[in-house]
Amino acid sequence: MSKTPAKAVERKDYKLSAAHTHGGKDCAAGDTVSLTARQAAFIKHKLVGQDSKTANPAEAVAPAVQEG
Numbered sequence: 001m002s003k004t005p006a007k008a009v010e011r012k013d014y015k016l017s018a019a020h021t022h023g024g025k026d027c028a029a030g031d032t033v034s035l036t037a038r039q040a041a042f043i044k045h046k047l048v049g050q051d052s053k054t055a056n057p058a059e060a061v062a063p064a065v066q067e068g
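Residue numbers 1 to 68, in the UniProt record's numbering, belong to the letters of the sequence shown in order.
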């Protein structure tokens with residue numbers, strides 16, 4: 001039985017519009033972090049006080065402007 005190789009998860013750079021702890025590191029507003037779509041959706045919903053479990057990563061907008 002062969003295993004299918006895992007897909008590489010695409011990450012994009014985002015500039016945070018508010019302070020947030022990411023990967024155990026405290027990040028200030030304006031810091032740039034590399035996030036997956038799912039992580040960006042989680043942070044967006046956390047910052048605006050919504051339930052991240054209902055977040056749809058396909059519709060997610062980062063809490064700031066994507067770089068590049």
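Cβ atoms here follow ideal geometry from the backbone N, Cα and C, with glycine treated the same way. Note that this is a predicted model, so its numbers are computed, not measured.
- With distances taken between CA atoms, Ala29 lies nearest to Ala19 out of Lys12, Leu35, Ala19, Ala40.
- In the three-state reduction of the DSSP assignment, Lys7 falls in the coil class.
- Excluding its 5 nearest sequence neighbours in each direction, His22 has C-beta neighbours in its own chain below 6 angstroms: Val33, listed in chain order.
- Lys12 and Ala40 have their C-alpha atoms spaced approximately 9 angstroms apart.
- Counting every other CB atom within 10 Å of its CB across the protein chains shown gives Lys25 a total below 16, marking it as exposed.
- Going by DSSP, Thr21 is part of the beta strand (DSSP E) stretching over 20 to 22.
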